[in-house]
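The block underneath contains the structure these notes are about, expressed in C-alpha cells.
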Amino acid sequence: MKNSKPILVLEDDIVDAMTVRRALKENEIFNDVIIKKDGEDALQYLQDESNERPAIILLDLNMPRMNGVEFLKIIRSDERLLTIPVVVLTTSRSEQDKIDTFKLGIAGYMIKSVNYQEFVKIIKTIKNYWEISEFPESKG
Amino acid sequence: MKQKLSLFFILFALISIFLQAQETSNSNDFDALMQEKTKHDSIILSQTSPDNIFDPNTNTQSRVNYNNMYRSGESMQKTWPFLILLIIAFILVIVLLIIQFSLRKRLKTIQMIEEKKSQHKTRTLLKSIETQKQDLLRLRNIESNYRSMQATQEQLKEKVKKSELLQKAIIALKYPVVLTNLHGIIIFCNLEFAEMHGHKASDFLGKKISTVFPEGAKIMNTIDNRQDWENKVLKVVTRHKNGTENNLYCKSALLLDADNKPSSILTTFDAIPEVSQDESTVEYEKTCKEKLKIFENIQDVYYEVSINGYIKEISHSISKISDIPREELIGKEMKILYANDEQRKNFVAALKKEQDLNDYEISLKGKNGSVVPCTITARLLLDDDKMPSSIVGSIRKISQRNKVEEISNKAIEDLKIVNKDLLDFAYITSHDLKSPLRAINTLANWVMMDEENKMSEEAKGQMQLLINRTERMHNLIDAIFDYTNIVSFEGEKSNVEMNKMLAGLQNRMQIPNNISIKVQENIPSLYFEKSRIEQVFENLIDNSIKFMDKDKGLIVIEWAERPKEYEFSVTDNGPGIDPKYFDKVFQIFQTLKPRDEVEGVGIGLAIVRKIITKYGGKIWLKSEPGKGLAVSFIIPKNGNLESV
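Chains as they are written, first to last, in my numbering: chain S, 1 to 140; chain L, 141 to 784.
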C-alpha cells in the first residue's frame, strides 16, 4: 500500500481472517496485518500509544462482545482515531447496517462474497481506491 | 305650751297677790279687786260670743255668791273677794284651756287638710316624673333603632354594590327575574318583570313578593328546607295592572353570600305557552309514541336503576338478552340480570368512584342459562345534595363481530411479535449460516488453486460442484433475508420517474444481445420506495431473460391508468407457464425447472408479489404456454400502504 503502516482487521472468524491475509498478499499488499477478534481487543490496541497507528481498518460488523457499529461509534468520538479510514467488510446485506455505518463516516461498505475469487477482487478494489485517494496525514 | 305656762304664771301671780292682800286687808283692796274682776269680765265678754258660758245669769250667780260670802262673818268678809278672784281665775284658765283645745283641734284639721293636699301634689309630681322617664326611654329606643337602621342601610348599600354584577345579569336576561331578600322583600327586578305587571321596576322595590304571587310567601317561609322548592318549577299566576292574569312557570334559587350564608333568593319566570289542552295532549302523545318506537327499536338496552339496585326502567331490547320480560324486571333487583354478583358489585364500586364509565365489560344471564358478554356505558345521577340517586346506562351485547375483531387484533399483535422474532432470526442466521459456507468455499478454492496439479480431473469437477453448492446455499440464505427484509425494512419514499428508472435498470442488468426490451413512454412518476419498485422490474425482467427460449427475445413493459391505481405489465415471448402452476410460482423457493438447468433460487416472483401486496396492490399472470407470459400488477396511486 501507500505506506508501511499496518492494516488493522477486525474479524472473529479464523478462515475469514486467513482469507483477508491471503487476498491482501495476492494483491501484493505487504503491510503488517494486525487481526483483532472483536471491537474491545481492537480498541485496546488503538489506545495503546506504543502501537503503531494503522493506515486503514477493515471492519466486520458481526462480532462477539463489541460489534462493528459499537466500535465505530467509539472511534468516531475519539479525536485521535477519528481520521483513520474504515472499510466495512461484512456478510450483512441489511440496508439498516449500511445506513448506520455510513452515518458513522465509513470509507466503504463491501459485502464478503462467498466465492474466494470474488473476494480477492474486492480487496483489489480497496487497494486501487487506497492508492488513488488522498488521506489526511495522521497525527498519532 | 307657752300659753299654758303663761296661764299658770298668771294664776301663780294672782295667788301670791291674794296672800299679800290678806295681811293688809283694806277696802281699797276690795275695790281694786272689783275693778280687776270687772276688767276680767269685760275681757271675757269681749272675747266670747253672746251665748257663751258667761251669760248674764252666771254673772248674777257669781254676784250672789259674793254677797253670801260677804254676809257670813267678819273673817269671811275679809277673804271672799280673793276667793271670787281665784274662782274667776280658775274659770278663766279652764276657758283658756277649752279655747286652746278647740283651737288645736281646728289646727289639726287644717294640718290634715294641708297634709292631704301636699300628698296629692307629690303623687302628681311623681307621676309626671315617671312619664318623663318613659318618654326618655322611648327616645333612646328610637335612637338605637335609628342607628341600627342606618347600619342595615349601609350593609344593604354594600350588598347592593356587590350584587351589581348580578343585577346586570338580571337586566340582561330576557325572562322576568326578581331578586328578594330572605324576608321576601323585593330588592331588585328587571324590566321584563315590571312590564309583565304593567308597572315600573321601581314600583316593586321594597314590596313583599307575596303581594305579586302568594306562592312567594311559601318559598320565603321554607328557606331551611329549600330542597322543597329550589330548582323545582312552580306554576304561578300573577296579575297585570289591568287585571289580566299571567300564567307563569317560576323557579327559585337561594343565593349565598361570600360566607356561604343565604343572602337572597332569585326567582325567574317564564310564560306557560298558551296551547289549547286538546292539541297539546294529542301532540304530546304523538311524540311519546314516536319516542317509544325509537326506544323500542334500539338494539342497546337502556335502563335506570335506583342507587340501592332496583330497576326503575329498562328498555324492551332487554328481551334480546334475557328471558325475563321488561315488565317483570321493573322493580326487581338489577343483580338478577348479572351472571356474576361480584361483577355487579365491582361495577357499582367503579362507577361510584368514576361517576361515569364507558364500555365496562360485564356478563349477563342470557337465554337458556347462557352467559352473554356485554359492555355497559353508565353514569351516576346525583340528587340536589350531590348524593348518588340512581344509575342510568346502556348495555350493549359484545357481538360476534366484536369478538372476531378482538381475536384478530390479538392475532395481529401476536403476528407482529412473531414477525419481529422471525426477522431477528433471519438476520442472525443469514450471517451465521453464511460464514461457514464462505469458509468452505474459500478453503475449497485454495485447495483447488494450490493443489491443482495433484488433483485428477474428476476430483477437480467434484470440488467445483462443492463450490457451486456452497454458492447456491449462500444465495438461498440471501433470498430468505431479502424476502423477510421486504416487510421489515421501510425505506424512504420519493417520486420515482419510471422511464428513467427503467433505463438505468437496463444498463445495469447487462441484457443479452438477443433480447430487446420495449418500454412504453410517458409512464407517470410513482411515489414509492425506489429500490423496491426497481426490484420488482428487475426480478421480472431477470425471469424473462433467464427462461427465454426464443432466438429473438422480446420483453414489453406497458402501463395504464385507472381512477385509483396504475396497472403495469411485463410481457415476454418466452416459454410461458402452464396456468396450473400459477399459484406455485409465487411461492418462495418454488421453481419449475431443476436448479442445475436454470440456476435460480425460486424467489423472484415471491419477492415481487410480496412488494406489490405490501403496498396495497395486486398481481396476476396470463400465459399461453409456449408463446409467452404476461405478468400484470396494479399499484394504488401514491403507492401508499397507509391509504389502503
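Beta carbons: idealized from backbone N, C-alpha and C, even for Gly.
Short Cβ contact (9 angstroms threshold) for residue i with residue j
i: L395(L); j: L313(L); result: no
i: L694(L); j: I775(L); result: no
i: F722(L); j: I743(L); result: no
i: S113(S); j: I122(S); result: yes
i: R519(L); j: D496(L); result: yes
i: K124(S); j: N27(S); result: yes
i: Q483(L); j: S503(L); result: yes
i: Y315(L); j: T408(L); result: yes
i: I538(L); j: T515(L); result: yes
i: I681(L); j: M649(L); result: yes
i: Y450(L); j: G471(L); result: yes
i: P6(S); j: D41(S); result: no
i: L46(S); j: V88(S); result: no
C-alpha gap between residue i and residue j, whole angstroms
i: I349(L); j: D410(L); result: 17 angstroms
i: D564(L); j: K692(L); result: 45 angstroms
i: V86(S); j: R22(S); result: 20 angstroms
i: G779(L); j: V445(L); result: Unreliable placement is indicated for G779(L), whose pLDDT of 48 sits below 50; the coordinate value is still reported in the next sentence. Approximately 54 angstroms between the Cα atoms of the pair.
i: P221(L); j: L159(L); result: 12 angstroms
i: L243(L); j: V235(L); result: 12 angstroms
i: Y389(L); j: R278(L); result: 47 angstroms
i: K452(L); j: H339(L); result: 48 angstroms
i: G757(L); j: F773(L); result: 7 angstroms
i: A229(L); j: T249(L); result: 30 angstroms
i: I626(L); j: K724(L); result: 20 angstroms
i: A643(L); j: T19(S); result: 38 angstroms
i: Y706(L); j: E698(L); result: 11 angstroms
i: E661(L); j: A107(S); result: 39 angstroms
i: L296(L); j: F353(L); result: 25 angstroms
i: R76(S); j: I84(S); result: 9 angstroms
i: M719(L); j: L761(L); result: In the sequence on display, residue 719(L) carries Pro and not Met. Between P719(L) and L761(L), the C-alpha separation is close to 8 angstroms.
i: L769(L); j: P576(L); result: 39 angstroms
9 angstroms Cβ cutoff, residue i in contact with chain L
i: D13(S); result: yes
i: D83(S); result: The sequence shown places Thr at residue 83(S), not Asp. It does not: the Cβ of T83(S) has no partner Cβ on chain L nearer than 9 angstroms.
i: T101(S); result: no
i: D32(S); result: no
i: R65(S); result: no
i: I35(S); result: no
i: D16(S); result: yes
Beta carbon proximity, residue i to chain S, threshold 9 angstroms
i: K560(L); result: no
i: K750(L); result: no
i: S555(L); result: First, the amino acid is wrong: residue 555(L) is Leu here, not Ser. Not closer than 9 angstroms to any Cβ of chain S, the Cβ of L555(L) fails to qualify, so no.
i: G768(L); result: no
i: S671(L); result: yes
i: Y623(L); result: no
i: E611(L); result: yes
i: L583(L); result: yes
i: D618(L); result: yes
i: I607(L); result: yes
i: W760(L); result: no
i: Y667(L); result: no
Assigned exposure category for residue i - 16 Cβ within 10 Å defines buried
i: L605(L); result: exposed
i: N448(L); result: exposed
i: C428(L); result: exposed
i: D481(L); result: exposed
i: F621(L); result: buried
i: H571(L); result: buried
i: L225(L); result: buried
i: Y424(L); result: exposed
i: T384(L); result: exposed
i: R287(L); result: exposed
i: M54(S); result: Strictly speaking, residue 54(S) in this sequence is Pro, with Met absent from that position. So P54(S) counts as buried.
i: E11(S); result: buried
i: I14(S); result: exposed
i: G533(L); result: buried
i: G68(S); result: buried
Contact list for residue i against chain B, beta-carbon separation under 8 angstroms
i: T91(S); result: Structure shown: chain B not included; protein chains present are S and L.
Continuous alpha helix (DSSP H) assignments of at least 4 residues falling wholly in the region 485-553 of chain L: none
Uninterrupted alpha helix (DSSP H) stretches inside the region 47-133 of chain S (no shorter than 4 residues): 68-76, 95-103 and 116-132
In chain order, each beta strand (DSSP E) run of at least 3 residues that lies wholly inside the region 653-683 of chain L: 655-659 and 666-668
Alpha helix (DSSP H) runs contained entirely in the region 434-474 of chain L, provided each spans 4 or more residues: 466-469
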